[in-house]
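Okay, structure first, notes after.
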């Protein structure tokens with residue numbers, strides 16, 4: 001009897017960890033790391049979430065065991081491992097600043113004024129907009 005009880009408690013703990021990982025999916029998808037991640041990384045997370053949600057569905061309750069739950073848990077990456085959006089944002093900022101330095105029709109104060117908003121941008125799209133505005137000003 002104690003063995004069955006222990007197995008049930010272990011299964012319950014594993015299920016709670018899976019459910020917690022899935023409960024955070026909306027928060028994860030709202031992070032810069034997800035938003036500006038490469039599409040393949042987003043797809044990998046989305047597929048892992050779908051797989052675990054399907055696994056957690058009531059249709060499969062009777063066949064679950066702790067080992068299967070523990071194997072499913074790593075398929076839902078933690079937020080910091082979701083994607084490469086943070087790296088993409090950093091790269092976009094660096095490239096925008098380098099590109100602004102090469103704009104021949106902007107003076108030094110104009111180039112200098114571009115750097116703070118680029119560094120403050122929270123999304124790659126914001127950096128791209130600033131870079132495009134500077135290029136348009138340069139070409140005007």
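Residue numbers (full-length UniProt numbering): 1 to 140. For each residue, glycine too, the CB sits at the ideal point set by N, CA and C. Quantities reported herein were computed from a predicted structural model and do not represent experimental measurements.
According to the neighbour-count rule (16 or more other Cβ atoms, all chains shown, within 10 Å of its Cβ), is residue i buried or exposed?
| i | result |
| --- | --- |
| residue 5 | exposed |
| residue 7 | exposed |
| residue 28 | buried |
| residue 3 | exposed |
| residue 133 | exposed |
| residue 119 | exposed |
| residue 33 | buried |
| residue 83 | buried |
| residue 100 | buried |
| residue 48 | buried |
| residue 113 | exposed |
If you draw a straight line from the C-alpha of residue i to the C-alpha of residue j, how long is it?
| i | j | result |
| --- | --- | --- |
| residue 50 | residue 21 | 12 Å |
| residue 106 | residue 57 | 59 Å |
| residue 80 | residue 110 | Low confidence applies to residue 80: its pLDDT is 47, below 50, so where it sits in the model is not reliable, and the reading given next is rough at best. If you take the alpha carbons of residue 80 and residue 110, they lie about 36 Å apart. |
| residue 55 | residue 31 | 25 Å |
| residue 141 | residue 1 | The chain is shown from 1 up to 140; residue 141 falls before or after that span and cannot be answered. |
| residue 117 | residue 130 | 8 Å |
| residue 140 | residue 19 | 55 Å |
| residue 25 | residue 11 | 22 Å |
| residue 126 | residue 92 | 10 Å |
| residue 121 | residue 115 | 10 Å |
| residue 128 | residue 45 | 25 Å |
| residue 15 | residue 135 | 53 Å |
In chain order, what residues of the same chain lie with their CB nearer than 8 Å to the CB of residue i, ignoring the 5 residues before and after it?
| i | result |
| --- | --- |
| residue 53 | 22 |
Which same chain residues, not among the five before or five after residue i, have their C-beta less than 6 Å away from its C-beta?
| i | result |
| --- | --- |
| residue 36 | 85, 88, 89, 124 |
| residue 138 | 103, 105, 106 |
Grab me the residues of residue i's own chain with a C-beta within less than 7 Å of its C-beta, minus the 5 sequence neighbours each way, in chain order.
| i | result |
| --- | --- |
| residue 9 | none |
Any contact of the region 94-103 with the region 35-43, i.e. 3+ C-beta pairs under 8 Å? No, they do not touch.
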